[in-house]
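The structure appears right after this line, and notes come after that.
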Amino acid sequence: MRILAKLTWVEIKLFIREPITVVFTLVLPLIFLFVMAGVFGNTPEIDPETGMEIFRGVGATDYYIPAYIGLVIASIGVVALPVHLTAYRERGVLRRFRASSMSVWTVFGSQVVVSFAIAMLGTILLVATAIPAYGAALPRSPGLVLAAFVLSVLSFSALGVLLGAILPTTRAAQGLGLILFFVMMLLSGAGPPREVMTEAMHWISDATPLRYVILMLQDPWLGFGWNTPASLTVVGIMLVAALLSARFFRWE
Amino acid sequence: MTAVIEVEHLRKTYGTTVAVADASFQVREGEIFGLLGPNGAGKTTTIECLQNLRQPDAGHLRVLGLDPQTEAVTLRRRIGCQLQESALPDRIRVWEALDLFASIVPDSPDWQILMEQWGLTDKRRASFSSLSGGQRQRLFVALALVNNPEVVFLDEMTTGLDPAGRRVAWELVRAIRERGTTVLLVTHFMDEAEQLCDRVAVVDNGKIIALDSPRGLIATHTSDIRVIFSTDVADLSWLEDIPQVHRVDRHGPRIEVEGSGPVLALVAATLVEHGITPTDLRTEQPTLEDVFLRLTGHGVHD
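If you read the protein sequences in the order shown, they are chains G and H.
Heads up: the first sequence at position 120 corresponds to 645 in our numbering, and the numbers run straight through without jumps.
Heads up: the second sequence at position 80 corresponds to 90 in our numbering, and the numbers run straight through without jumps.
In structure tokens, the structure reads:
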């Protein structure tokens, strides 16, 4: 336990000392918030042509806050964590850890705890900005939102550890991570509202883990209750990713 | 003396390359044991197998009576290692690294003392990426000792250190041994092996070709003493009439006489007889370098 706590604390400090990762993970979602909330405001809208509600019938800012929390979590899972782990393997840091009898569970465990800490920090930044600046509402069911948050972080950190385990190099992790991040950002519910997307975009969107994380966070946030199908999908992704990581992890 | 490391018929190949062909040796408790040889001789592979960082193809290995393959976790807590190919995160600070690695093992000794001993106190708040090669090396050795190990593996520990730094490192390795820690040292520096090691295994092409104390190796594998002096006298052919003299070489004014037994006294007497009294007459004892050349037919850096 002592070593897990020490390693986690060191990892949090290392994260904060890496300016590019901090900007990408914590500041980018804030910039999206400024743009989207600035463009769409926070009044529920109806499409004038079709008469359909967009943004699920709520104000755009309220719609996007849980989506951006999901985006922070996804950014940690598909970019920060895989790049960090592959760099550790490539440079021999994992080898150093292993030779000093650091267990694989300590290494993984610290990454999960760090993911929680950073996701929490990102969430606080988003909410603390959106409420005073754009009059966003607090979550309707905070308990359920918290449960959804925990599942989301666990699921995406398992995914991140898996990517870190199977991708051979830091370059590969950066390349694939950024592609995954931007595709998910645009199509999974953090970009244009689903109601205005084409059929093909819906298909891609439904194939991304972030879609289910956002739904799971958004429903209790907006007062639509717990989304069981989305949460089962997220848990499924978590279990499969965890099993595959344990199977494919290599120290060097 | 009990053996703390036992290696019998170790073999390890990478594809078609044979890294270790067939190595057997024992390291005794409390000694500084050297694996000496050129890069690519199989030294690092050997100790990586002992630390279970690589799987041997064949052979029987024991460290502190434990099987590295099946009892790696227990073993790693009792050994320390400074690895050749490893690194720390760029932005970790020296004190953070020591504190982190010290916390892996319960009741590890005070890492502040190690930081002081290895000259890292001034750099305690420096990030790993800002350290020089020598400072990194010292940090890695300090990390190898942070769990108070019974056996410590040092792989090319003085690579990247300046001459003064090497001397300090040698003193510290002796100090490690004084504490009762057994040291397995991998090096391609002949002088390092000669200065530090109680016994040396000479490794070439994946095989151990000789194993003895440095003095023993020199006594067994070299015979000639070199007598060196300077003179301007052109004709020294009479030196070759001394039966114990095997060869006379001239490099400008510098004369090198190779011979055996009391060759120094005989050369000195003959020089005086011919009215030559050089002020720089001296002998050079053969070194491990000569042993290595003799055994392998090539130098370590070839």
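Virtual Cβ for every residue (Gly too), placed ideally from N, Cα, C.
Inter-residue spacing [alpha-carbon to alpha-carbon] between H/Leu110 and H/Ser140: What you label residue 110 of chain H is simply residue 100 of the second sequence in a count that begins at 1. What you label residue 140 of chain H is simply residue 130 of the second sequence in a count that begins at 1. Cα to Cα, the separation comes out at about 19 Å.
Pair within 8 Å by beta-carbon distance, H/Ala13 and H/Arg38: For the purposes of this step, residue 13 of chain H is identified with residue 3 of the second sequence, where counting begins at 1. For the purposes of this step, residue 38 of chain H is identified with residue 28 of the second sequence, where counting begins at 1. Yes; because the gap between Cβ atoms is below 8 Å, this pair is in contact.
Test item: CB-CB of H/Val301 and H/Leu45 under 8 Å: As a working note, residue 301 of chain H is residue 291 in the second sequence. As a working note, residue 45 of chain H is residue 35 in the second sequence. No, these two residues do not count as a Cβ contact at 8 Å.
Close Cβ partners of H/Leu246 (< 8 Å) along its chain, the five nearest in sequence each way excluded: In the second sequence, counting from the first residue as 1, residue 246 of chain H sits at position 236. For H/Leu246, where only same-chain residues beyond five positions count, the Cβ hits under 8 Å are Val258, Arg260, Ile265.
Distance between H/Leu182 and H/Arg176 (C-alpha atoms, nearest Å): Residue numbering aside, residue 176 of chain H sits at position 166 when the second sequence is read from its first letter. Residue numbering aside, residue 182 of chain H sits at position 172 when the second sequence is read from its first letter. Their Cα atoms are separated by approximately 10 Å.
Sequence-distant residues of its chain with Cβ nearer than 7 Å to H/Ala152 (five each side left out): By one-based count along the second sequence, residue 152 of chain H stands at place 142. Answer for H/Ala152: Leu108, Leu124, Met125, Trp128, Leu130, listed in chain order.
Simplified DSSP assignment, three categories, for H/Leu141: Residue 141 of chain H sits at position 131 when you count from the first residue of the second sequence. Correct three-state label for H/Leu141: coil.
Proximal residues to G/Pro607 (C-beta, below 7 Å), its chain only, five neighbours per side dropped: Within the first sequence, residue 607 of chain G is the residue found at index 82, counting from 1. The answer, listed in chain order, is Gly685, Leu688, Gly689, Leu692, Ala698, Gly702.
CB of H/Ile252 within 8 Å of CB of H/Gln295, strictly: Within the second sequence, the letter at position 242 stands for residue 252 of chain H. Within the second sequence, the letter at position 285 stands for residue 295 of chain H. No, the Cβ-Cβ distance between H/Ile252 and H/Gln295 is not below 8 Å.
G/Ser730, DSSP secondary structure in three states: Position 205 of the first sequence, counting from 1, holds the residue named residue 730 of chain G. Of the three classes helix, strand and coil, the one that applies to G/Ser730 here is helix, per DSSP.
Contacts of G/Ile528 in chain H (Cβ-Cβ under 7 Å): One-based indexing of the first sequence puts residue 528 of chain G at position 3. By Cβ distance, chain H contributes Ser113, Ile114.
H/Gly47 Cβ short of 7 Å to the ligand MG heavy atom set: This structure does not include the ligand MG; it has no bound ligands of any sort.
Endpoints, the alpha helix (DSSP H) within which H/Asp300 is located: To locate residue 300 of chain H, count along the second sequence from 1; it is residue 290. Here the alpha helix (DSSP H) through H/Asp300 covers 298-306.
G/Pro718 beta carbon less than 8 Å from that of G/Phe557: Counting from one through the first sequence, the residue named residue 557 of chain G turns up at place 32. Counting from one through the first sequence, the residue named residue 718 of chain G turns up at place 193. For G/Phe557 and G/Pro718, no; Cβs fall outside 8 Å.
Residue of H/Gly75, H/Ala211, H/Gln94 minimising C-alpha distance to H/Gly170: Taking the first residue of the second sequence as 1, we reach residue 170 of chain H at position 160. H/Gly170 has its Cα closest to that of H/Gln94, out of H/Gly75, H/Ala211, H/Gln94.
Inter-stretch contact (C-beta, 8 Å, three-pair minimum) for the region 636-651 of chain G and the region 593-603 of chain G: yes
8 Å Cβ cutoff, H/Gln122 in contact with chain G: Reading the second sequence from its first residue, position 112 is the one you call residue 122 of chain H. It does not: the Cβ of H/Gln122 has no partner Cβ on chain G nearer than 8 Å.
Cβ-Cβ distance between H/Ile228 and H/Thr293 below 8 Å: By 1-based counting over the second sequence, the position of residue 228 of chain H is 218. By 1-based counting over the second sequence, the position of residue 293 of chain H is 283. No, Cβ-Cβ distance for H/Ile228 and H/Thr293 is not below 8 Å.
Cβ of H/Arg86 within 8 Å of any chain G Cβ: The count along the second sequence starts at 1 and reaches residue 86 of chain H at position 76. H/Arg86 counts as touching chain G.
G/Glu568 versus G/Gly716 - alpha carbon distance: Looking up residue 568 of chain G in the first sequence gives position 43. Looking up residue 716 of chain G in the first sequence gives position 191. According to the sequence shown, residue 568 of chain G is Thr rather than Glu. Computed Cα separation, rounded: 18 Å.
Proximal residues to H/Val115 (C-beta, below 6 Å), its chain only, five neighbours per side dropped: Stepping through the second sequence from its first residue, residue 115 of chain H is reached at position 105. Closer than 6 Å at the Cβ level, and outside the excluded window around H/Val115, lie Arg87, Asn157.
Cutoff 6 Å; reference G/Val773; Cβ partners in own chain excluding five residues on either side: In the first sequence, the residue the question calls residue 773 of chain G occupies position 248. Inspection of the sequence shows that residue 773 of chain G is occupied by Phe rather than by Val. These residues qualify, in order along the chain: Ala690, Ile691.
Separation of H/Val73 from H/Phe43, as counted between CA atoms: Locating residue 43 of chain H in the second sequence gives position 33, where the first residue counts as 1. Locating residue 73 of chain H in the second sequence gives position 63, where the first residue counts as 1. Distance between the alpha carbons of H/Phe43 and H/Val73: 14 Å.
Counted within 10 angstroms of its Cβ, other Cβ atoms place H/Asn49 as buried (16 or more) or exposed: Numbered from its first residue, the second sequence carries residue 49 of chain H at position 39. H/Asn49 is exposed by the Cβ-count criterion.
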